[in-house]
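Enquirer: The sequence shown begins at 1 in full-length UniProt numbering and counts up by one.
Ideal Cβ placement from N, Cα and C applies to all residues, glycine included.
Here it is: the structure, laid out below.
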Amino acid sequence: MSSFSDPETPDASDRALWPLLAALRTRWWLVVGLVVLAGVTAAFAVRAKAPSYTAEAQVLVTPFAGEDSTLSGVRLLRNSGDPTRDVETAITLLRGAGTDDTTARVLGRGTTRKDVRERVALEAIGGGSVVAVRGTAASEAEAVRLTQTYIDVALGARNALVEAGARRALTALDSRTDPGLPTIRRQLRVWRDQGDPTFSIAQRATAPDGPDGPADWLVVLGAMVAGGLLAVIGTIVLQRTDHRVASRAALLENIPAPVLAGVPTVRGFGGINMPPPVREAFRTLQIQLDLQPKDGCRRILVTSASSGDGKTTAVLNLAFALVSAGHRVVLVDFDLRKPDLGRQLGVTGSVALDATVAGGGPLTSIMRSVPRLPPLRLVDVATGPGDLALLPLLTTRTRAMLQDVDDVADYVLLDTAPVGEVGDALPLLGDVDDVLVVGRPGSTDDRALGAMAGYLRRAGVAPTGWIVTGVDAALSPYYDAAPRRRSGAVWRTARRIVQGSG
């Protein structure tokens, strides 16, 4: 095999790249897309949601600790010795059987008991000595009015209840002259005049600082963060289930060989009529091959790890570049399972496989010139059902023919089936001068790549280099800036170069 210095090998950071970062770098579009989608969705949701406001008031709870039976008829909140139980009882008393109904009637405007029950919440705070009353409404003013009205109704009902109890107790004591009654009467008169002493307003309802919930920008930011986390999780899952090679560094990690050509992805082009970045990539490859001269014909086997990597297209474009440089080129389509060179070159009349195996003539006997480009010749065979059983015989025949091509070609390019999937090309590795491996990040199957690397290593074959397809290519002012050339003009130019050199 020819030896090339490696113009681009993966550095240590690429080889040790954390799998998650590699996955994110490959599927950055998923992360960006989900983050943007989450942010836009959250923004629309925030705009569509009606804001709500919550006002808060506080009621101080002071349980009555007296034990005098004379006062038992007054329905006060009694001290049970358990602060938690006392505050729970206080909330129950404030809720009262009629508090919600009365509040709804006072508020009016169609407010119902159910509305009040759902929009007003009571909660113990301050270690059990304070009850927070919170009312929620569509505006600040409505929230304040709802909350303050609820407290006024609840405490008003408590005061009325205690005042009535105190009056009844005073009436019952009018005819009694027991010692200590004057003190009790004074206490009852205070309750009669001032109402329930166990509940008092610690803080009137105040307007909230803003609508409930976090700020809109925090909601959008949180949604974007959640979208990013979801994207990361999705990327990890896809990375675990996706067996495609993620990057060029992964190709080189499996088969350490120089990258001789980076070929961009193009659409809408075919045959020799390729855009400047593609032509320049294969022209650069042709120059590198010519810089390592060999006496006689040079035999190059082109293969890949898996199908869909652009192997056949690479073979064709390399052949065009070599012909344009003045070389005689023979293409051998050894991909018997999916032969395609003849169709792409417009060559018809393939020789049957059984006839090829049975024949004993030289390679020229089954060569056919490519229409309008005689310096490029093709060897392919037509296969039928069961013909793969003849593959070992064809391999032997091909190896023999490859030894006698010096007089008819400067280069022989063999397009083979993917080595990572089938081993058809393995017997030919010892009969060629170079092995070029084609890979496409995002397409090459990592399992097939590992298999191919193992086959080549066990065969003692070091590939000459990589042709990496599907890469990003920046336009250069040194490229041919003229409009796309007509296919016929390029064919004629290549033919004149070769005929002139002959």
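Do SER443 and GLY262 have their beta-carbon atoms positioned less than 9 Å apart in this structure?
Expert: Position 262 of the sequence shown, counted from the first residue, corresponds to residue 262. Position 443 of the sequence shown, counted from the first residue, corresponds to residue 443. Contact flag unset, no.
Enquirer: Classify PRO51: buried if its beta carbon has 16 or more other beta carbons within 10 angstroms, exposed otherwise.
Expert: Against the sequence shown, residue 51 aligns to sequence position 51. With fewer than 16 Cβ atoms within 10 Å of its Cβ, PRO51 is classed as exposed.
Enquirer: What number of angstroms, rounded off, separates the C-alpha of GLY430 from the C-alpha of ASP472?
Expert: Here residue 430 corresponds to residue number 430 of the sequence shown, with the count starting at 1. Here residue 472 corresponds to residue number 472 of the sequence shown, with the count starting at 1. The alpha-carbon atoms of GLY430 and ASP472 are separated by roughly 34 Å.
Enquirer: Taking DSSP as the reference, what is the three-state secondary structure of VAL120?
Expert: Sequence index remark: in the sequence shown, residue 120 carries index 120 (1-based). In this structure, VAL120 counts as strand in the three-state DSSP scheme.
Enquirer: With distances taken Cα to Cα, identify the nearest neighbour of VAL153 among GLU163, VAL130, ALA305, ASP101.
Expert: To locate residue 153, count along the sequence shown from 1; it is residue 153. Of the candidates GLU163, VAL130, ALA305, ASP101, the one whose C-alpha sits nearest the C-alpha of VAL153 is ASP101.
Enquirer: Using the rule of at least 16 other Cβ atoms within 10 Å of the residue's Cβ for burial, across every protein chain shown, is GLN403 buried or exposed?
Expert: Here residue 403 refers to the residue found at position 403 when the sequence shown is read from its first residue. Exposed.
Enquirer: Go ahead and label ARG328 buried or exposed: buried means 16 or more other beta carbons lie within 10 angstroms of its beta carbon, across all protein chains shown.
Expert: Here residue 328 refers to the residue found at position 328 of the sequence shown. It is buried - the Cβ of ARG328 has at least 16 other Cβ atoms within 10 Å.
Enquirer: Taking ARG299 as part of the beta strand (DSSP E), name the residues at either end of that continuous run.
Expert: One-based indexing of the sequence shown puts residue 299 at position 299. Run containing ARG299: 298-304, per the beta strand (DSSP E) assignment.
Enquirer: Please tell me whether LEU341 and VAL315 are closer than 9 Å, where the distance is taken between their beta carbons.
Expert: Here residue 341 corresponds to residue number 341 of the sequence shown, with the count starting at 1. Here residue 315 corresponds to residue number 315 of the sequence shown, with the count starting at 1. In contact: LEU341 and VAL315 (Cβ atoms closer than 9 Å).
Enquirer: So what's ASP178 in DSSP terms, helix, strand or just coil?
Expert: Start at 1 with the first residue of the sequence shown, and residue 178 comes out as number 178. Correct three-state label for ASP178: coil.
Enquirer: Exposed or buried, LYS311, counting other C-beta atoms within 10 Å across all chains shown (16 or more means buried)?
Expert: Position 311 of the sequence shown, counted from the start, is the residue given in the question as residue 311. Looking at its Cβ environment, which holds 16 or more other Cβ atoms inside 10 Å, LYS311 is buried.
Enquirer: State the DSSP-derived secondary structure class of GLN58, mapped to helix, strand or coil.
Expert: As a first step, residue 58 must be located in the sequence shown, where it is residue number 58. Strand at GLN58.
Enquirer: With a cut-off of 8 Å on the beta carbons, I'd call ILE125 and ILE201 a contact; round off their distance for me.
Expert: Numbered from 1 along the sequence shown, position 125 holds the residue referred to as residue 125. Numbered from 1 along the sequence shown, position 201 holds the residue referred to as residue 201. Not quite, the Cβ-Cβ distance comes to about 15 Å (not below 8 Å), so this is no contact.
Enquirer: Does the region 446-458 come close enough to the region 233-248 to have 3 or more Cβ pairs within less than 8 Å?
Expert: They touch, by the three-pair rule.
Enquirer: Would you mind reading off the limits of the alpha helix (DSSP H) that contains GLY234?
Expert: Taking the first residue of the sequence shown as 1, we reach residue 234 at position 234. Looking at the DSSP string, the run of the alpha helix (DSSP H) that includes GLY234 is 216-241.
Enquirer: Please report the Cβ distance between TYR455 and VAL419, rounded to the nearest whole angstrom; I am assuming they are in contact, meaning their Cβ atoms lie under 8 Å.
Expert: Translated into the one-based positions of the sequence shown, residue 455 becomes position 455. Translated into the one-based positions of the sequence shown, residue 419 becomes position 419. Contact holds; Cβ gap of about 6 Å.
Enquirer: Would you mind reading off the limits of the beta strand (DSSP E) that contains ASP434?
Expert: Translated into the one-based positions of the sequence shown, residue 434 becomes position 434. 434-439 is the extent of the beta strand (DSSP E) around ASP434.
Enquirer: Can you give the Cα-Cα distance for ALA481 and GLY326, rounded to whole angstroms?
Expert: Against the sequence shown, residue 481 aligns to sequence position 481. Against the sequence shown, residue 326 aligns to sequence position 326. Note that ALA481 has pLDDT 49, beneath the 50 cutoff, so the model's placement of it is unreliable and the number below is only indicative. Looking at the two C-alpha atoms, the distance is approximately 23 Å.
Enquirer: What is the rounded straight-line gap between the Cα of LYS294 and the Cα of VAL36?
Expert: To locate residue 294, count along the sequence shown from 1; it is residue 294. To locate residue 36, count along the sequence shown from 1; it is residue 36. Looking at the two C-alpha atoms, the distance is approximately 56 Å.
Enquirer: Which residues does DSSP pair with GLY135 in a beta bridge?
Expert: Indexing the sequence shown from 1 puts residue 135 at position 135. According to DSSP, GLY135 bridges with ALA55, VAL120.
Enquirer: Spatial neighbours of ASP410 within its chain, please: CB distance less than 8 Å, with the 5 preceding and 5 following residues excluded, ordered by chain position.
Expert: Within the sequence shown, residue 410 is the residue found at index 410, counting from 1. Counting only Cβ-Cβ distances below 8 Å, and skipping sequence neighbours, we find CYS297, ARG298, LEU322, HIS327, ARG328, VAL329.
Enquirer: Taking the alpha carbon of PRO374 as the reference point, which residue from PHE320, MET401, ASP174 has its own alpha carbon closest?
Expert: Taking the sequence shown and counting its residues from 1, the one referred to as residue 374 is at position 374. Closest option to PRO374, Cα to Cα, is PHE320.
Enquirer: Kindly indicate the opening and closing residues of the beta strand (DSSP E) around residue 523.
Expert: No answer is possible for residue 523: the residues shown for the chain start at 1 and end at 502.
Enquirer: Contact between the region 224-235 and the region 191-201: three or more CB pairs below 8 Å?
Expert: Contact fails: fewer than three Cβ-Cβ distances are below 8 Å.
Enquirer: On the DSSP bridge list, what partners appear for SER369?
Expert: Here residue 369 corresponds to residue number 369 of the sequence shown, with the count starting at 1. Per DSSP, ARG377.
Enquirer: Do GLY470 and PRO441 have their C-beta atoms within less than 9 Å of each other?
Expert: What you label residue 470 is simply residue 470 of the sequence shown in a count that begins at 1. What you label residue 441 is simply residue 441 of the sequence shown in a count that begins at 1. The answer is yes: Cβ separation under 9 Å.
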